[in-house]
Each structure stands twice: as C-alpha cells, then as structure tokens.
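Have a look at the structure below before the remarks.
Given below as structure tokens:
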C-alpha cells in the first residue's frame, strides 16, 4: 500500500529521489508523411529520426524543435480521432491526455501568421484571469495544440 505525501503541493515541489525531464510527446496520425510536412512547414520542426516497430506494427518519426521532440506514429487500421477530441471545450469531457502546449513570444502575431498559412484554428486567442493569453490550433489530423504567450515566472 502506498502513501501520499501530506505536503501542501501548492507550496512547492516535493523532493524526489530522481530527476524528471520532459523528452517528447507521442501523437498517432493517420498519414505520417503529411503530418511530417505539416509540423515542419507550419511549426518549424525538423526530422530527427525515422523508425519502424514491426511487433505492433507502426512506422514513426521523431521531429525536433529546439529541446522538444514530437514522436509521430502511423498504425495501420487505427481508429480515427473522435470528433469531440477536435474541440478544446468538448475534449476536456474525456479522460486522458488533452494537448501539447508551446510558449511563444507574441501569441496574437503567431496566430495571425498561422491563419495566413491556413492552419485550422480550434479556439482563437483568449485570456483567463491571472494567466497569459493563449489559444488552440489543430494539426492536419485534428490533434489539438495550445499556444501560450511567454510569461515571466
């Protein structure tokens, strides 16, 4: 039986006997090649490594942008993304991972450029009290991506 720390989590980070560092986010897509083009052309990623896993089977690629990587994978016969997962306010009603988020310097300027490029806007720039402005776009397969304005922390 495990116990949960009695520490107040809002007060600060709980000391752990190991280090965690984000490595990548995995996204299942229906067409690997068109998704590679989308992430490279629309968000500036570059191909780092292609590979296949025959036991599943699937083909995949790691894309890199700075210190962050995305693993895109295409699995033959995979179920399509449900329609409600394409809308931020509806997607929250389903448990599981919701989206990836990127910080940008000027979210309104980035949205203007992405609109010019034809990117599908899921939720235009909005403000929440005490938070940076942000908004949601969809990749070419309908997966949600949040863009947030950089905030001094």
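In this note's numbering, the protein residues as written are -6 to 146.
Glycine is no exception: its CB is placed at the ideal position from the N, C-alpha and C atoms.
Just so you know, these numbers come straight off a predicted model, no measurement behind them.
- For residue 100, same chain residues with a beta-carbon under 7 Å away, outside a window of 5 residues either side, are 118, 126, 127, 128, 140, 141 and 142 in chain order.
- Counting along the chain, residue 36 sits inside the alpha helix (DSSP H) bounded by residues 25 to 36.
- One alpha carbon belongs to residue 20, the other to residue 62, and they sit about 11 Å apart.
- For residue 108, the enclosing alpha helix (DSSP H) stretches over residues 100 to 109.
- Using a 10 angstroms sphere on the CB of residue 22, the tally of other CB atoms reaches 16 or more, which defines it as buried.
- Excluding residues up to 5 positions away in sequence, 63 and 93 lie with their Cβ nearer than 6 Å to the Cβ of residue 18 in the same chain.
- Using a 10 angstroms sphere on the CB of residue 67, the tally of other CB atoms reaches 16 or more, which defines it as buried.
- A contact between stretches requires three or more CB pairs, one per stretch, nearer than 8 Å, and the segment 44 to 53 fails this requirement with the segment 80 to 92.
- Beyond the five residues adjoining it in sequence on each side, residue 39 comes within less than 7 Å, by CB distance, of 33, 56 and 57 in the same chain, given in chain order.
- A Cβ-Cβ contact shorter than 8 Å links residue 91 with residue 137.
- Buried is the label assigned to residue 115, since at least 16 other Cβ atoms lie within 10 Å of its Cβ.
- Setting aside the 5 residues that flank it on each side, residue 133 is surrounded in the same chain by 27, 28 and 31, each with a C-beta closer than 7 Å to its C-beta; the list follows chain order.
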